[in-house]
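If you read the sequence shown in UniProt numbering, its first letter stands for residue 1, the second for the next number, and so on.
Glycine included, every Cβ here is placed at the ideal spot set by N, Cα and C.
Quick caveat: nothing in here was measured; it's all calculated off a predicted structure.
Structure record follows, encoded as C-alpha cells.
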Amino acid sequence: MEYVNTGAWSKKAIKEGKFYGDVKVVASSEDETFSYIPKNIEFSEDAAFAHITGNNTIYGTEYHEWPKVPEGVPLACDMSSNIMDKVIDPKKFGVIYAGAQKNIGPAGVTLVIIRKDLLDRVPENTPTMQKWKTHVEKDSLFNTGPCWAIYMCKLSLEHLKGLGSVPGIEKINRRKAKILYDLIDNSDGFYKGHAKLDSRSLMNVTFNLPTPELEAKCVAEGLAKGLIGLKGHRSIGGMRASIYNAMPTEGVQALVDFLKEFQENNQ
Numbered sequence: 001m002e003y004v005n006t007g008a009w010s011k012k013a014i015k016e017g018k019f020y021g022d023v024k025v026v027a028s029s030e031d032e033t034f035s036y037i038p039k040n041i042e043f044s045e046d047a048a049f050a051h052i053t054g055n056n057t058i059y060g061t062e063y064h065e066w067p068k069v070p071e072g073v074p075l076a077c078d079m080s081s082n083i084m085d086k087v088i089d090p091k092k093f094g095v096i097y098a099g100a101q102k103n104i105g106p107a108g109v110t111l112v113i114i115r116k117d118l119l120d121r122v123p124e125n126t127p128t129m130q131k132w133k134t135h136v137e138k139d140s141l142f143n144t145g146p147c148w149a150i151y152m153c154k155l156s157l158e159h160l161k162g163l164g165s166v167p168g169i170e171k172i173n174r175r176k177a178k179i180l181y182d183l184i185d186n187s188d189g190f191y192k193g194h195a196k197l198d199s200r201s202l203m204n205v206t207f208n209l210p211t212p213e214l215e216a217k218c219v220a221e222g223l224a225k226g227l228i229g230l231k232g233h234r235s236i237g238g239m240r241a242s243i244y245n246a247m248p249t250e251g252v253q254a255l256v257d258f259l260k261e262f263q264e265n266n267q
C-alpha cells in the first residue's frame, strides 16, 4: 500500500493503513510544512493501491492534476473536503470516498464511488459491515441510515443542480477563490499565502499576517463583523478562510472588503 503524505488527513490514513499491511510513503510535502502537492509521484507496479488526499484543509493545498498510477494499481482518494468542488473524471480512480459534511450535507453520511471489479478485493476476515460489497448488494440499506442527514443531502444536491450542477459550482468556486487570492497577492506582502501557487486550494485559503498579534486582532475584528472561523488551525497558526460550495460569492467579497480595510488601518 502506497501513500502520498500532504498533511494531517494523509497522516491519519497512513496510520490506519498500517493496521492492514506494509505501508510505503512514496512522496511527501512535509519538508515545506505541507505547502505544496508533490509532482512526478512514482507508485510501484506491485502496490496493492495508491492513496492520496484530494484537499488539505489545514494547509490549504489541493490536487489539480491527478497522479498517474501503473496499470492495475487502483488509485484511492479521500475527497471529503473537496468532493464536487470541480469536475473530475471518476474513471481515473479505483475508489473515491468522502464524508458529506463539507460539500454534500450534514455529518453522518459518507459517499463512496468504487470500481465494480474492486468489490471482491477484500481480506476474508473483513467484517460484513465494513465490506463495500455488502452496501452495494443492499442498495445502501444494509443498516438503517441517518435518515434526516440523507434527506438534507438530497435538498443540497437539488440546490447544486439549480446552480448548474458541478460545472456550475466549479465556475463559482474558481471565481470566489480568485477574488480572495488576488487580494492576498496584491497586498504587498501584508497578507502572505501559505500554499504555493500551483497547489492552492479552492476550498481552504490559508494565509499569514506580519505578526501573530495582528492575526489575533484581525480574527477578533472579523468576528465582530460577522466573519467567523478565520483563525488558522493550531498546528500551523495564521488565518484560514474556508469557502466551501455553500459559501456565496457575496460572503467572500465581504471578507475581501474587510481585509482591505484592515490592511489600510494596520499597515
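Exercise. Hey, how far is the Cα of K18 from the Cα of M1?
Worked result: Here residue 18 corresponds to residue number 18 of the sequence shown, with the count starting at 1. Here residue 1 corresponds to residue number 1 of the sequence shown, with the count starting at 1. Their Cα atoms are separated by approximately 9 Å.
Exercise. Skipping 5 residues on each side, what residues in its chain have a beta carbon closer than 7 Å to that of F262?
Worked result: As a working note, residue 262 is residue 262 in the sequence shown. Cβ within range, chain order: C218 and E221.
Problem set entry | Option nearest T57 by Cα separation, candidates I88, W9 and T126 | By 1-based counting over the sequence shown, the position of residue 57 is 57. The candidate whose alpha carbon is nearest that of T57 is W9.
Problem set entry | Top-ranked residue by Cα proximity to H51, from P70, P167, L163 and F258 | For the purposes of this step, residue 51 is identified with residue 51 of the sequence shown, where counting begins at 1. For the residues P70, P167, L163 and F258, the minimum Cα distance to H51 belongs to P70.
Exercise. Which term fits H159, buried or exposed, when burial requires 16 or more other beta carbons within 10 angstroms of its beta carbon?
Worked result: The residue labelled residue 159 in the question sits at position 159 within the sequence shown. H159 is exposed by the Cβ-count criterion.
For this session: With a 10 Å radius around its C-beta and 16 neighbouring C-beta atoms as the bar for buried, classify G232 as buried or exposed.
Result: Within the sequence shown, residue 232 is the residue found at index 232, counting from 1. So G232 ends up on the buried side.
Exercise. If we count the other Cβ atoms within 10 Å of its Cβ and call it buried at 16 or more, is N103 buried or exposed?
Worked result: Position 103 of the sequence shown, counted from the start, is the residue given in the question as residue 103. Buried: at least 16 other Cβ atoms inside 10 Å.
For this session: Measure the alpha-carbon distance for N40 versus P67 and round it to whole angstroms.
Result: By one-based count along the sequence shown, residue 40 stands at place 40. By one-based count along the sequence shown, residue 67 stands at place 67. If you take the alpha carbons of N40 and P67, they lie about 7 Å apart.
Exercise. Among residues of its own chain, excluding the 5 on either side of G251, which ones have a beta-carbon nearer than 6 Å to its beta-carbon?
Worked result: In the sequence shown, residue 251 corresponds to position 251, counting from 1. For G251, where only same-chain residues beyond five positions count, there are no Cβ hits under 6 Å.
Exercise. When we look at the beta-carbon of I83 and count the other beta-carbons within 10 Å, is it buried (16 or more) or exposed?
Worked result: Within the sequence shown, residue 83 is the residue found at index 83, counting from 1. Answer is buried; the Cβ neighbour count reaches 16.
Problem set entry | Supposed close pair I243, A177 - CB separation, criterion 8 Å | For this step, residue 243 is matched to residue 243 along the sequence shown. For this step, residue 177 is matched to residue 177 along the sequence shown. Correct: roughly 7 Å between the Cβ atoms.
Exercise. For F34, which option in S235, Y191 and D22 has the closest C-alpha, if you only look at C-alpha atoms?
Worked result: On the sequence shown, residue 34 is found 34 positions in, with the first residue counted as 1. Nearest C-alpha to F34: S235.
Exercise. So what's F142 in DSSP terms, helix, strand or just coil?
Worked result: Within the sequence shown, the letter at position 142 stands for residue 142. Correct three-state label for F142: coil.
Exercise. Can you tell which of R115, V4, I172 and L141 has the C-alpha that lies nearest to the C-alpha of M247?
Worked result: Here residue 247 refers to the residue found at position 247 when the sequence shown is read from its first residue. Checking every option, the nearest Cα to that of M247 belongs to I172.
For this session: Please report the residue range of the beta strand (DSSP E) in which L75 lies.
Result: Position 75 of the sequence shown, counting from 1, holds the residue named residue 75. Where L75 is concerned, the enclosing beta strand (DSSP E) stretches over L75 to D78.
Exercise. Three-state secondary structure (DSSP) at Y3?
Worked result: Here residue 3 refers to the residue found at position 3 of the sequence shown. Here Y3 sits in strand by DSSP.
For this session: Starting from the C-beta of A241, find all residues in its chain whose C-beta is less than 7 Å away, skip the five residues before and the five after it, and write them out in chain order.
Result: Numbered from 1 along the sequence shown, position 241 holds the residue referred to as residue 241. Cβ within range, chain order: L180, V205, L230 and L255.
For this session: Identify, in the order they occur along the chain, each residue of the same chain with its Cβ nearer than 6 Å to the Cβ of I114, setting aside the five sequence neighbours on each side.
Result: For the purposes of this step, residue 114 is taken as the residue at position 114 of the sequence shown. If we look at I114 and ignore the five residues flanking it on each side, its Cβ neighbours are V95 and W132.
For this session: With DSSP as the reference, please indicate the residues paired to A98 in a beta bridge.
Result: Numbered from its first residue, the sequence shown carries residue 98 at position 98. A98 pairs with L111.
Exercise. So, does the CB of E30 fall closer than 8 Å to a CB anywhere in chain B?
Worked result: Considering every chain present, this structure includes no chain B. It has just one protein chain.
For this session: Note down, one range per segment and in chain order, each beta strand (DSSP E) of at least 3 residues found wholly within the segment 180-262.
Result: 204-208 and 239-242
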